[in-house]
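J.: If you count the sequence shown from 1, position 305 lands on 374 in this note's numbering, and the numbers rise without skipping.
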Amino acid sequence: MQNDLALFSELCDELLKEEIKRPVATPIPTSELYNQIDLSLQKDGIIDQQLKVVLKELIKHTPKTASTSFFNQLYGGRKNKATLGDLLAVMLNTSMYTYKIAGPQVGIEKQVLKNICALAGYSKASDGTFAPGGSMSNMMALIMARDHKNGSIRVEGLSKPMTVYTSNTSHYSILKNAVLTGIGRNQVRLVDTNSKGEMLIEHLKELITHDVSNGLEPFFVNATAGTTVFGAFDDIKAISEVCKDHKLWLHVDGAYCGGVIFSNTYKHLIAGLEQSDSFSINAHKMLGTPLSCSIIVTQHTDQLHHSFSNEADYLYQTDGDDYNLGKTSLQCGRRNDALKIWTLWKSVGTSGLEKIVDNQFEMADIARDYINKHKDYELYSFDNSISVCFNYKGISASELCTALYQNAELMVSFGTFKDHEFVRMVTINSLLEKGDVIHFFKTLEAFVADYLLKITTT
Ligand SMILES: *Cc1c(COP(=O)(O)O)cnc(C)c1O
Numbered sequence: 070m071q072n073d074l075a076l077f078s079e080l081c082d083e084l085l086k087e088e089i090k091r092p093v094a095t096p097i098p099t100s101e102l103y104n105q106i107d108l109s110l111q112k113d114g115i116i117d118q119q120l121k122v123v124l125k126e127l128i129k130h131t132p133k134t135a136s137t138s139f140f141n142q143l144y145g146g147r148k149n150k151a152t153l154g155d156l157l158a159v160m161l162n163t164s165m166y167t168y169k170i171a172g173p174q175v176g177i178e179k180q181v182l183k184n185i186c187a188l189a190g191y192s193k194a195s196d197g198t199f200a201p202g203g204s205m206s207n208m209m210a211l212i213m214a215r216d217h218k219n220g221s222i223r224v225e226g227l228s229k230p231m232t233v234y235t236s237n238t239s240h241y242s243i244l245k246n247a248v249l250t251g252i253g254r255n256q257v258r259l260v261d262t263n264s265k266g267e268m269l270i271e272h273l274k275e276l277i278t279h280d281v282s283n284g285l286e287p288f289f290v291n292a293t294a295g296t297t298v299f300g301a302f303d304d305i306k307a308i309s310e311v312c313k314d315h316k317l318w319l320h321v322d323g324a325y326c327g328g329v330i331f332s333n334t335y336k337h338l339i340a341g342l343e344q345s346d347s348f349s350i351n352a353h354k355m356l357g358t359p360l361s362c363s364i365i366v367t368q369h370t371d372q373l374h375h376s377f378s379n380e381a382d383y384l385y386q387t388d389g390d391d392y393n394l395g396k397t398s399l400q401c402g403r404r405n406d407a408l409k410i411w412t413l414w415k416s417v418g419t420s421g422l423e424k425i426v427d428n429q430f431e432m433a434d435i436a437r438d439y440i441n442k443h444k445d446y447e448l449y450s451f452d453n454s455i456s457v458c459f460n461y462k463g464i465s466a467s468e469l470c471t472a473l474y475q476n477a478e479l480m481v482s483f484g485t486f487k488d489h490e491f492v493r494m495v496t497i498n499s500l501l502e503k504g505d506v507i508h509f510f511k512t513l514e515a516f517v518a519d520y521l522l523k524i525t526t527t
């Protein structure tokens with residue numbers, strides 16, 4: 070093992086150098102991928118020296134998500150202590166289903182869940198689990214809500230249509246999960262949104278009343294804390310009142326921006342969260358841990374057990390359910406996703422996590438400020454959001470983003486809202502400083518000057 074750890078260290082050195090030398094890796098066209106790097110698997114293995122060469126090639130050509138030129142996704146950067154925790158989790162290789170196998174790692178997971186519940190304003194009896202990602206956290210919420218409405222569905226299956234409400238700017242996993250859980254895609258009502266992409270409460274009420282009068286069974290409302298394109302926050306307080314009136318489960322999908330629970334400055338964006346039934350947050354997004362680190366908590370601890378526990382005497386042989394976490398998880402064998410957020414949290418404290426979150430809003434403010442001060446830009450997104458959406462000189466955003474990527478200048482993506490298409494620059498990358506944000510715009514401008522020149526001269 071020691072030799073491979075030394076190799077690992079050498080490969081990491083290579084990666085760190087590459088991230089600085091070539092912050093955007095030159096993409097390999099898919100048609101040339103298998104010709105450019107030897108990805109083949111053969112009957113006979115290769116010697117370590119050759120393996121090292123192939124691994125170095127792989128590192129060189131893999132997109133650099135931890136470079137300061139990465140603005141493409143709802144995650145980015147690298148938090149060293151979180152990475153350390155994840156590497157340690159790989160070495161320890163415990164599975165989180167029982168205390169017998171995971172030992173104190175169970176305590177780590179429980180501690181993180183407990184602190185997240187407290188920050189969400191949930192009661193002391195609340196609990197949760199780690200899911201394989203935000204989509205799966207949302208699915209667990211949907212399943213708990215379904216079983217909460219009708220306990221016999223677990224045994225008998227659905228007997229009548231049950232309806233789900235989520236805004237038309239929410240994440241696609243809500244629709245996907247309706248398919249996976251037997252609720253059905255057609256039972257998902259997409260609630261209209263305002264110009265900022267926030268759910269319209271009046272429309273929500275209308276849809277519910279309409280379904281009730283048609284004999285359908287509404288049971289679940291999803292509110293989003295950070296919509297995928299604009300990073301908008303639904304009004305949780307107002308939605309929770311509608312849910313109380315109709316006895317509906319309120320889930321808050323905070324996969325993207327649920328991290329605001331750590332920020333005294335920005336937690337007003339999720340005011341009313343303590344009124345929700347469940348809440349999910351991806352620590353691999355705002356908090357900057359490696360993928361995946363998705364947490365779901367609920368105020369209905371019993372429901373978590375009722376929906377997800379199964380007896381298995383070949384597995385649960387010692388200790389109580391409280392410490393055998395397999396009783397409340399989606400999977401059986403489950404990797405230790407808690408350690409990475411715990412090592413980061415332990416190392417920087419809750420106030421350190423607050424700084425990480427606040428910095429993202431500050432970087433977004435700097436970006437919006439830049440855009441507002443330069444007349445060639447048009448801004449589409451709003452304050453209190455870490456998604457900065459804009460167009461430059463009226464250039465097609467999809468063409469611009471693709472050209473920036475193919476020319477290894479910047480990794481940034483585009484989005485659409487209503488009839489507009491625009492560049493969506495996300496300031497979630499945990500490494501960003503003011504200079505990186507300004508550098509982003511300068512790079513884009515220089516590229517466009519050159520690019521337009523090429524277009525007009527050819
Ligand atoms: C990212 C995201 C998800 C999905 O999370 P995964 O971990 O990618 O499955 C769900 N909802 C929202 C709002 C998101 O931004």
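We treat Cβ as the ideally placed atom computed from N, Cα and C, and that holds for glycine.
Note that the structure is predicted; figures quoted are calculated from it, not measured.
Chain D beta carbons: is any one of them nearer than 7 Å to that of F509?
T.: Of the protein chains in the structure, only one exists, and it is not chain D.
J.: Indicate whether E343 and G190 have their beta-carbon atoms separated by less than 7 Å.
T.: Yes; because the gap between Cβ atoms is below 7 Å, this pair is in contact.
J.: Please report the distance separating the alpha-carbon of G197 from that of T278.
T.: If you take the alpha carbons of G197 and T278, they lie about 32 Å apart.
J.: Take S450 as the anchor and find which of S416, G421 and T485 has the nearest alpha-carbon.
T.: For S450, the nearest C-alpha among the options comes from T485.
J.: Under the criterion of a Cβ to heavy atom distance below 6 Å, does Y383 qualify as lining ligand 1?
T.: The answer is no for Y383.
J.: Using 8 Å for Cβ pairs, my map puts V321 next to A294. What's the rounded Cβ distance?
T.: Contact flag correct, Cβ pair sits at about 6 Å.
J.: So, H240 versus W318, is the Cβ gap smaller than 7 Å?
T.: Not a contact, by the Cβ cut-off of 7 Å.
J.: With burial defined as no fewer than 16 other Cβ atoms inside 10 Å of the residue's Cβ, what is the status of M160: buried or exposed?
T.: Counting Cβ neighbours within 10 Å, M160 comes out exposed, since fewer than 16 surround it.
J.: Heavy atom of ligand 1 less than 6 Å from the Cβ of L143, yes or no?
T.: Result yes, Cβ under 6 Å from ligand 1.
J.: I want to check one thing, is the minimum distance from the CB of S204 to the heavy atoms of ligand 2 below 6 Å?
T.: In terms of ligand content, the structure shown lacks ligand 2 and carries ligand 1 instead.
J.: Between the stretch 497-512 and the stretch 131-148, do three or more beta carbon pairs fall short of 8 Å?
T.: Flag = yes, the stretch 497-512 and the stretch 131-148 touch.
J.: Use the C-beta contact count for V248: other C-beta atoms within 10 angstroms, 16 or more gives buried, fewer gives exposed.
T.: Classification for V248: exposed.
J.: Do you know whose CA, among G114, E178, L153 and A151, lies nearest S164's CA?
T.: Among G114, E178, L153 and A151, the Cα nearest to that of S164 belongs to E178.
J.: Unbroken beta strand (DSSP E) runs of length 3 or more, entirely within the stretch 358-421: which are they?
T.: You should have 363-367.
J.: Does the separation of the CB atoms of L211 and F289 fall below 7 Å?
T.: Yes, these two residues count as a Cβ contact at 7 Å.
J.: Closer than 6 Å: is that where the CB of A407 sits relative to any heavy atom of ligand 1?
T.: No - ligand 1 has no heavy atom lying nearer than 6 Å to the Cβ of A407.
J.: When the Cα atoms are used, what is the spatial distance from G463 to P173?
T.: If I take the Cα positions, the gap works out to 56 Å.
J.: Suppose only complete runs of 4+ residues qualify. What are the alpha helix (DSSP H) ranges in the stretch 206-257, listed by chain order?
T.: Qualifying alpha helix (DSSP H) stretches, in chain order: 222-225 and 242-249.
J.: Our contact map puts H369 next to D346 with C-beta atoms below 8 Å; I'd like the distance itself, whole angstroms only.
T.: Going by Cβ atoms, the distance from H369 to D346 rounds to 6 Å, so yes, they are a contact pair.
J.: Determine the extent of the beta strand (DSSP E) in which I350 is found, giving its start and end residues.
T.: From DSSP, the beta strand (DSSP E) with I350 extends over S347 to N351.
J.: So, are the CB atoms of S192 and A200 less than 7 Å apart?
T.: Their beta carbons are not under 7 Å apart, which means S192 does not touch A200 by this criterion.
J.: Quick check for students: name the residue ranges of the alpha helix (DSSP H) that lie wholly in the stretch 272-341, counting only runs of 4 or more.
T.: Those alpha helix (DSSP H) runs which fall completely within the stretch 272-341 and span 4+ residues are 305-315.
J.: Tell me which residues share the same chain as H569 and place their Cβ nearer than 8 Å to its Cβ, disregarding the 5 neighbours each side in the sequence.
T.: In the structure as shown, the chain begins at 70 and stops at 527. Residue 569 is therefore absent and cannot be evaluated.
J.: Since F77 is in the beta strand (DSSP E), which residue starts that stretch and which ends it?
T.: Careful: F77 lies outside any beta strand (DSSP E), inside the alpha helix (DSSP H) at Q71 to K90.
J.: Work out the CA separation of K121 and A75 for me, nearest whole Å.
T.: The straight-line gap from Cα to Cα measures roughly 12 Å.
J.: What's the call for T471, buried or exposed, on a 16-neighbour Cβ count within 10 Å?
T.: Classification of T471: exposed, given that the 10 Å Cβ count is below 16.
J.: If we require 3 or more residues per run, which beta strand (DSSP E) segments fall completely within the stretch 466-523?
T.: For the stretch 466-523, whole beta strand (DSSP E) runs of length 3 or above, ordered along the chain, are 482-486 and 489-495.
J.: Going by beta-carbon coordinates alone, are E267 and D303 separated by less than 7 Å?
T.: Taking 7 Å as the Cβ cut-off, E267 and D303 qualify as a contacting pair.
J.: Measuring straight from C-alpha to C-alpha, what distance separates I350 and I440?
T.: The straight-line gap from Cα to Cα measures roughly 30 Å.
J.: Mind checking whether G203 and A324 have CB atoms under 7 Å apart?
T.: Contact: yes.
J.: With DSSP run on the structure shown, which of helix, strand or coil describes F199?
T.: Strand at F199.
J.: Please specify which runs of the alpha helix (DSSP H), each continuous and at least 4 residues long, are wholly inside the stretch 127-161, giving them in chain order.
T.: The stretch 127-161 contains these whole alpha helix (DSSP H) runs: 149-161.
J.: For ligand 1, is there any heavy atom lying closer than 6 Å to the beta carbon of N237?
T.: No - ligand 1 has no heavy atom lying nearer than 6 Å to the Cβ of N237.
J.: Please return the same chain residues whose Cβ sits closer than 7 Å to the Cβ of I410, not counting the five positions on each side in sequence.
T.: Closer than 7 Å at the Cβ level, and outside the excluded window around I410, lie A151, V181, A352, L356, T358 and C362.
J.: Which residues in the same chain as Y520 place their Cβ atom closer than 7 Å to its Cβ, once the five residues preceding and following it in sequence are excluded?
T.: Taken in chain order, the residues that qualify are A472.
J.: What is the rounded straight-line gap between the Cα of S236 and the Cα of Q429?
T.: Distance between the alpha carbons of S236 and Q429: 25 Å.
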